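Comments concern the structure below.
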Amino acid sequence: MIRRKPKKLIKKLKELNDQQHSEPSLELSLYEQVVNELEGCSDREDIHFPELQVNLIYFNHLVDKDRFQSEILDPFYHVTKEELSSLLKRSFYKPVADLKEVIDGILDGETAIFDKERVFLANVAGGEKRNIQPSETETAITGPHEGFIESGETNLSMIRRRVRTSRLKVNKLPVGEVTKTNAFLLYVKGIANDELVTELTHRIEKIEIDAVYDAHMLSQLIEDQPHSLFPQFITRERPDSIAAGLVEGKIIIILEGSPAIIIAPSSFFDFFETGDDYYQRWLTGTATRLLRFGAFIITIAFTALYVSVTTFHYEMIPESLLTTLAVSRSKVPFNPIYEAFLMEMTIEFLREAGARLPTKVGQTIGIVGGIVIGQAAVQAGITSNVLIIVVAISAIASFVVPSYVMSASIRLGRFGLILLAGLLGNLGIMIGITILVIHLSSLTSVGAPYMSPLSPFFPKDWKDFLLRAPYKMMKTRPTMARSSNKSKQRND
Amino acid sequence: MRNLKRLVIVFSLVFLLVGCNDQKIIETLGLMSVMCFDKATDSVEGNMLVTSTFPSITEESNRKETTIDTIAFSKKDAERKLAAKTEQEIVNGQIRSLIFSEDFAADGINQIIHSVERDQEIGSQVKVVISEGEASAILEAIPTESTGNYVDKMLRKESDQFNIPYLDIHYFSRDMHDDGIEPVAPLVGIEDGEVVVKGAALFRDDRYVGKLTIQESKLLLLMRGKVKKSDLVIKIPQETGYRTLYFTYNHSKAETKVKKKGTEIEQVDIHVSMVGSLLEDTGTKMNGNSSTDNNEVQKLIDGYLSNEAVRLIEILKEKKADSLGIKGYVRNSLTYQEWKKIKEEDLFQKIPINVTFSVILQNKGMLE
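For the protein sequence lines, the chains are C and P, in the order given. For the first sequence, the UniProt record's numbering begins at 1 and goes up steadily by one. For the second sequence, the UniProt record's numbering begins at 1 and goes up steadily by one.
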């Protein structure tokens, strides 16, 4: 978790920043001030045109080299001293007077042009970026395949191409005292709730932190309850999901440098939805969704149930199954709870190792893990066959949850439940689930209830909850978006 | 932050409860599936001989069944003594059958039924079973390695075919305490070294008083209420040998009416209506043309059942076992004061009972 810096320190930092900008004496020209400011930045480029008495300052790797050549260098090479002032009158050259503005412009990839006392910024920003590719964390089977990349502008363009309305508004909000990362807040005017827009803008502006690198980090900084186990904003990496969010009246936050994009407000159940649900037939979509909720219940409670049943509640199981369980556990020297923890930990080790390793080594880990877990542990009498099956099913089920962040939260919650089951049996599981339900129901996402539409009960929203109703039936926007324009289809 | 603190507090409160658990880890348990009660005479240690069987798992993960017995004063006393004889922790949560010998049950089984009903680990799947002869002999006669399961499945099958009365101990206990009806239980016995379901055991309160054959037991069930699917083999004497009819009925219900003159009970009528098919008839030649006359067969079955019913009621009256719940019907037709006045020991024997049948033959199998 990232700690916010104490306010005092941040104030000092700010003052220091301001001082750097304003302190230089009045005798120095703006050009000299900029040069001073960028002292020690050896990647800075400085070009002089002695006959024109013009200087250019820019970062070579932040500008689009072709455009820089054709739109800035070429004109200055060919222009005469007399023509210079008319050239600089073009709107392409934006006059600025403030040192801070000039520095910010240069850092954004613009070129600063110093003509005697006048300063202009010319935007030829560019530089290297990743190509648009399918998202790896949010793959699609049906539906569009392109995913967001780390460039905010590209991401914006993908969204604008899908939501082609002038009512799509974009607020640009810089975050991070040092990094000055741009966050873009998007909403469709007339559909999104204005109060939510104001609230989110306010929250982003209020962030006082040195740096924000990723949307997941940003979402933790603007969450309602940062200490909760569960993420309160969903992030998506596919433009179609984001467009759907915008049209539903939700607010989108893009962070420069992050391929994940925040949708606010989000409910707990949003984390179980994917684009595929909407592109498939509604019955198949519904079935898949039910499957995911089933997986959620299994992943959180199945191992705990095994522990509780084998430790306390033998009378719950049919006799024939009981014999199987007893036989498989007969050689195991540990209590069921230790046994379960051991295997769950092993699976977590495997998952974590597999996630970090390069693919080729990852395969080795898979094989080693498969043998260790699948056979050796049982043959050595460390664990029982049935537990292996239980743990494997829970692990598979945890990956059925589409959101990786949510899946990780659920897996952690599972450990708590296993502990309670080992201590108190089914009573423990009940206590655990009760705490979980109380906690989940108390969460909010920008003020909207996290468990909606289940609690509070919004019957209209149930058409897009456990089931994905046919499109003809889904006529209203979700209640949690608090949209001023509730209907999204003509009522025939 | 306050929420988090609260959560941590609640979560840690749970740890205060940890001492209150009673772990029962399955592989350490001796899961009793059946308990047999025999009478123990001339013993100072108790008045009942309790035999139980439970699986134990060997080092090689094989399942093996152990049978042990002990003499005790009560069921719980017996469990304790049985536990002392093995390394396993004896538990009764998987118990399916309580088998009582006739001798033992004749003295009353109230005490044991109570003990079972009180136990929070025992559910409703427990059956009260009476055995002809020694109860522990039943266990020895069963060929498989999982004795309890065998008895359970055998009785469940018979009960599903409406050959023997209900199995649920709660029903038994309810009927035992009800002053309008007496309980019944399945009866098993050993024939040629094999365990056989013999019929029904009759009770007066908690005492075993007599038994019925399977055929009689079926009739008893027919007269008691709804029967979903069962069959009857009906033997009618002819000049030479018997005419045998095989009648399967898939629907049967009984209606009981109390006829009164003022407050005087005149007669109790039981009317049983059955719908079914005739699948075998040795009295006709099986060629498609000469069809059996439906009415004739219906009358035959009717007459046979009525005769049998009279005989059954005689048996019940002789044993003073009101397994049909006649007293209950009488009670329900009266006010409580009236009922208190006429309620006496031999009420059941005094009331005339008239049973009528209406049999409807739906078809004669695939013949026509």
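The C-beta atom is built at its ideal place from N, Cα and C for all residues, glycine as well. Bear in mind the structure is a predicted one, so any value in this text is a computation, not a measurement.
Pairwise C-alpha distance: residue j and residue i
{"i": "residue 210 of chain P", "j": "residue 226 of chain P", "result": "24 Å"}
{"i": "residue 218 of chain P", "j": "residue 148 of chain P", "result": "25 Å"}
{"i": "residue 266 of chain C", "j": "residue 403 of chain C", "result": "13 Å"}
{"i": "residue 156 of chain C", "j": "residue 165 of chain C", "result": "13 Å"}
{"i": "residue 100 of chain P", "j": "residue 127 of chain P", "result": "11 Å"}
{"i": "residue 296 of chain C", "j": "residue 366 of chain C", "result": "24 Å"}
{"i": "residue 107 of chain P", "j": "residue 278 of chain P", "result": "43 Å"}
{"i": "residue 223 of chain C", "j": "residue 445 of chain C", "result": "7 Å"}
{"i": "residue 256 of chain C", "j": "residue 209 of chain C", "result": "16 Å"}
{"i": "residue 302 of chain P", "j": "residue 353 of chain P", "result": "17 Å"}
{"i": "residue 377 of chain P", "j": "residue 188 of chain P", "result": "The structure shown does not extend to residue 377 of chain P, since chain P is modelled only from 1 through 368, so no value can be given for it."}
{"i": "residue 12 of chain P", "j": "residue 199 of chain P", "result": "57 Å"}
{"i": "residue 49 of chain P", "j": "residue 221 of chain P", "result": "32 Å"}
{"i": "residue 53 of chain P", "j": "residue 359 of chain P", "result": "46 Å"}
{"i": "residue 429 of chain C", "j": "residue 421 of chain C", "result": "5 Å"}
{"i": "residue 78 of chain P", "j": "residue 47 of chain P", "result": "11 Å"}
{"i": "residue 274 of chain P", "j": "residue 230 of chain P", "result": "11 Å"}
{"i": "residue 241 of chain P", "j": "residue 235 of chain P", "result": "9 Å"}
{"i": "residue 395 of chain C", "j": "residue 347 of chain C", "result": "8 Å"}
{"i": "residue 318 of chain P", "j": "residue 296 of chain P", "result": "33 Å"}
{"i": "residue 130 of chain C", "j": "residue 380 of chain C", "result": "49 Å"}
{"i": "residue 172 of chain P", "j": "residue 114 of chain P", "result": "11 Å"}
{"i": "residue 104 of chain P", "j": "residue 308 of chain P", "result": "30 Å"}
{"i": "residue 328 of chain C", "j": "residue 384 of chain C", "result": "5 Å"}
{"i": "residue 331 of chain P", "j": "residue 182 of chain P", "result": "14 Å"}
{"i": "residue 58 of chain C", "j": "residue 160 of chain C", "result": "29 Å"}
Cβ-based burial, residue i [other Cβ within 10 Å; buried from 16]
{"i": "residue 362 of chain P", "result": "exposed"}
{"i": "residue 84 of chain P", "result": "exposed"}
{"i": "residue 127 of chain C", "result": "exposed"}
{"i": "residue 289 of chain P", "result": "Low local confidence applies: a pLDDT of 42 at residue 289 of chain P is under 50, so the model's placement there is unreliable, with the coordinate-based value given in what follows. Flag for residue 289 of chain P reads exposed."}
{"i": "residue 163 of chain P", "result": "buried"}
{"i": "residue 35 of chain P", "result": "buried"}
{"i": "residue 116 of chain C", "result": "exposed"}
{"i": "residue 94 of chain P", "result": "buried"}
{"i": "residue 277 of chain C", "result": "buried"}
{"i": "residue 46 of chain C", "result": "exposed"}
{"i": "residue 208 of chain P", "result": "buried"}
{"i": "residue 281 of chain C", "result": "exposed"}
{"i": "residue 193 of chain C", "result": "buried"}
{"i": "residue 411 of chain C", "result": "buried"}
{"i": "residue 232 of chain C", "result": "buried"}
{"i": "residue 470 of chain C", "result": "exposed"}
{"i": "residue 43 of chain C", "result": "exposed"}
{"i": "residue 419 of chain C", "result": "buried"}
{"i": "residue 355 of chain P", "result": "buried"}
{"i": "residue 44 of chain P", "result": "exposed"}
{"i": "residue 371 of chain C", "result": "exposed"}
For residue i: DSSP bridge partner residues
{"i": "residue 48 of chain C", "result": "C:55"}
{"i": "residue 36 of chain C", "result": "According to DSSP, residue 36 of chain C bridges with nothing at all."}
{"i": "residue 388 of chain C", "result": "The partner list for residue 388 of chain C (beta bridge, DSSP) is empty, contrary to what the question assumes."}
{"i": "residue 251 of chain P", "result": "P:275"}
{"i": "residue 95 of chain C", "result": "C:120"}
{"i": "residue 448 of chain C", "result": "C:445"}
Residue closest to residue i, alpha-carbon to alpha-carbon, out of the options
{"i": "residue 98 of chain C", "options": "C:33, C:488, C:205 and C:171", "result": "C:33"}
{"i": "residue 92 of chain C", "options": "C:103, C:113 and C:137", "result": "C:113"}
{"i": "residue 392 of chain C", "options": "C:381, C:373 and C:68", "result": "C:373"}
{"i": "residue 39 of chain P", "options": "P:357, P:86, P:250 and P:102", "result": "P:102"}
{"i": "residue 205 of chain P", "options": "P:356, P:45, P:111 and P:196", "result": "P:111"}
- When you check each C-beta in the region 320 to 340 of chain C against every C-beta of chain D, which residues fall closer than 8 Å? Absent from the structure is chain D; the protein chains it does hold are C and P.
- Does the region 224 to 241 of chain C come within contact of the region 451 to 459 of chain C, defined as at least 3 CB pairs closer than 8 Å? no
- Query: Taking one C-beta from the region 22 to 41 of chain P and one from the region 77 to 92 of chain P each time, how about it: are there three or more such pairs within less than 8 Å?
  - Reply: In this structure the region 22 to 41 of chain P touches the region 77 to 92 of chain P; the number of beta carbon pairs closer than 8 Å is three or more.
- Item | Three-pair Cβ contact test at 8 Å for the region 313 to 328 of chain C versus the region 22 to 33 of chain P | yes
- Is the number of C-beta pairs between the region 292 to 309 of chain C and the region 400 to 416 of chain C that are closer than 8 Å three or more? yes
- Message: Whether or not the region 223 to 235 of chain C and the region 428 to 447 of chain C are in contact is what I'm after, with contact meaning three or more pairs of Cβ atoms, one per stretch, closer than 8 Å; do they touch?
- Response: yes
- Task: Please confirm if the region 132 to 151 of chain C is in contact with the region 166 to 186 of chain C, defined as three or more CB-CB distances below 8 Å between the two stretches.
- Result: no
- Message: Between the region 251 to 259 of chain P and the region 340 to 347 of chain P, can you find at least three pairs of beta-carbon atoms closer than 8 Å?
- Response: no
- Query: Any chance the region 243 to 255 of chain C sits against the region 473 to 485 of chain C, with 3 or more Cβ pairs inside 8 Å?
  - Reply: yes
- Does the count of Cβ pairs from the region 74 to 89 of chain C and the region 100 to 107 of chain C closer than 8 Å reach three? no
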